[in-house]
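Scroll down for the structure; my scribbles are underneath it.
Residue numbers (the numbering used here): 234 to 557.
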C-alpha cells in the first residue's frame, strides 16, 4: 500500500514517510512497516497480513504501485483524488477514488469474473461508478479482431474496455460488432485523463445477414456432430429447409452481444415456442448461455431478446406482433 496513517492520524504517502516513525494500516489500524529500496517503489507493508482483520490488501506488483502513484498525480491535476481510500460500508479500497463518485481500479492480473462483478456491485451500492484499467498486452488482438474472455466481459463498461501502459497512456477499446462467439471488430481511441469519465456506449442496431452467413452458421453446428445440438434439433422439429429459411433469422439484434449462443439458436427456440404455444420464460432463460456483464442480469437480457425477437418478426413479416 502507498498510504498509511501516522501517530497523529494524518494520511502519509510512502514517499514522504520517515524510517524511524510508526505508521498504521488505515483499515485495521495494525502497525505497518515502510519498505524502501533500489528495486521496488517505496510502500507500506503489514508486518503480518493476518494482522489485517479483513485481509483486503494483496501483494501488488512494482508496476501496479508505480501506475497507481503516477496516475494519482495525473488525475489530481484535474480532479479531487484520494488514493487507497477505505470504503468501510462495503469493505473495499479502490486504487483511486475521484470526486467521491468514481473509482479507478488498475487490474494488471486476470482474476475470476465473479470477483470483478462483486466489487463492481459493491461500488454501485455506494453510488460509485468504476473504470477498470487493464494492461494493453493482456488484450488478444489478431488482425482487425479483438478476442475476449469472460474476464474481459466482466471488466468492460457498456462494451468498452480501458487500458493503461507504463507510459501512462490511457486507451479506450470500443467494441463495434460481434463477428463470431468472442471475436469482435473494434476501434481504439487514445484519451486524455479528463476524458476518462466522458464514457459512451457504442450504438448497436438490428442488422441483416447474408444467406451465406446463415448457411455457414448452420454447417458449423452440424460439424459438431451432436444429436443434442439445439440449433439442428430445432431446425428439424420445425421442418425448416435451409433453402427457404424464415426471414426473421436473417436479422442480428443488439442484445445478442450478451450471450454465447449462436445467433440462430435463441430465435429458433422462441419461434418453436410460438408455433407450439408453449412459451415459458424460465425455460427460455435456461436455454441461454449468458455472458457475465456488469449491470445486466440474465432476466434483463432475456427480456431484451424477447422484445427484439418480436421486432424482427414484425419487420420480417410486416405484422404488428406475435404472441408468445
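Idealized CB from N, CA, C, for every residue including glycine. Just so it is clear, the structure is predicted and the values come from calculations on it, not from any experiment.
Mapping the DSSP letters down to three states, classify residue i as helix, strand or coil.
{"i": "residue 290", "result": "Residue placement at residue 290 is flagged as unreliable, the pLDDT there being 46, under the threshold of 50; the coordinate-derived value follows with that caveat. DSSP places residue 290 in coil when its eight states are reduced to three."}
{"i": "residue 249", "result": "helix"}
{"i": "residue 426", "result": "helix"}
{"i": "residue 570", "result": "The requested residue 570 is not part of the displayed model; the chain covers only 234 to 557."}
{"i": "residue 396", "result": "strand"}
{"i": "residue 311", "result": "coil"}
{"i": "residue 559", "result": "The first residue shown for the chain is 234 and the last is 557, placing residue 559 beyond what the model contains."}
{"i": "residue 325", "result": "strand"}
{"i": "residue 316", "result": "strand"}
{"i": "residue 471", "result": "coil"}
{"i": "residue 466", "result": "helix"}
{"i": "residue 586", "result": "The chain is shown only over 234 to 557; residue 586 falls outside these bounds and no answer can be derived."}
{"i": "residue 305", "result": "helix"}
{"i": "residue 448", "result": "helix"}
{"i": "residue 297", "result": "helix"}
{"i": "residue 453", "result": "helix"}
If you follow the beta strand (DSSP E) that residue i is in, where does it begin and where does it stop?
{"i": "residue 501", "result": "Where residue 501 is concerned, there is no enclosing beta strand (DSSP E), although the alpha helix (DSSP H) it sits in stretches over 498-509."}
{"i": "residue 414", "result": "Neither: residue 414 is in no beta strand (DSSP E) and is coded neither H nor E."}
Have a look at the options and flag the residue whose alpha-carbon is nearest the alpha-carbon of residue i.
{"i": "residue 518", "options": "486, 531 and 498", "result": "531"}
{"i": "residue 371", "options": "361, 347 and 396", "result": "396"}
{"i": "residue 416", "options": "349, 465 and 492", "result": "492"}
{"i": "residue 437", "options": "484, 339, 515 and 305", "result": "484"}
{"i": "residue 526", "options": "323, 376, 382 and 375", "result": "382"}
{"i": "residue 467", "options": "441, 240, 353 and 520", "result": "520"}
{"i": "residue 401", "options": "302, 508 and 460", "result": "302"}
{"i": "residue 399", "options": "326, 255, 304 and 516", "result": "304"}
{"i": "residue 297", "options": "463, 365, 450 and 464", "result": "365"}
{"i": "residue 488", "options": "375, 432, 524 and 405", "result": "524"}
{"i": "residue 325", "options": "332, 469, 314 and 338", "result": "338"}
{"i": "residue 522", "options": "494, 512 and 507", "result": "494"}
{"i": "residue 264", "options": "252, 278 and 445", "result": "278"}
{"i": "residue 313", "options": "329, 463 and 348", "result": "329"}
Which partner residues of residue i appear in the DSSP bridge assignment?
{"i": "residue 485", "result": "440"}
{"i": "residue 405", "result": "395 and 422"}
{"i": "residue 523", "result": "492"}
{"i": "residue 244", "result": "238"}
{"i": "residue 330", "result": "315 and 336"}
So residue i is in the alpha helix (DSSP H); what residue range does that whole segment cover?
{"i": "residue 278", "result": "Counting along the chain, residue 278 falls outside any alpha helix (DSSP H), though it belongs to the beta strand (DSSP E) covering 276-279."}
{"i": "residue 545", "result": "531-550"}
{"i": "residue 518", "result": "514-520"}
Is residue i near the ligand FAD, judged by its Cβ being under 7 Å from some heavy atom?
{"i": "residue 475", "result": "Among the components of this structure there are no ligands whatsoever, and the ligand FAD is therefore not found."}
**Message:** Going residue by residue through the stretch 349-389, where are the continuous beta strand (DSSP E) segments of at least 3 residues, counting only ones entirely within it?
**Reply:** Counting whole runs of 3 or more residues, the stretch 349-389 contains the beta strand (DSSP E) stretches 362-368, 373-375 and 378-380.
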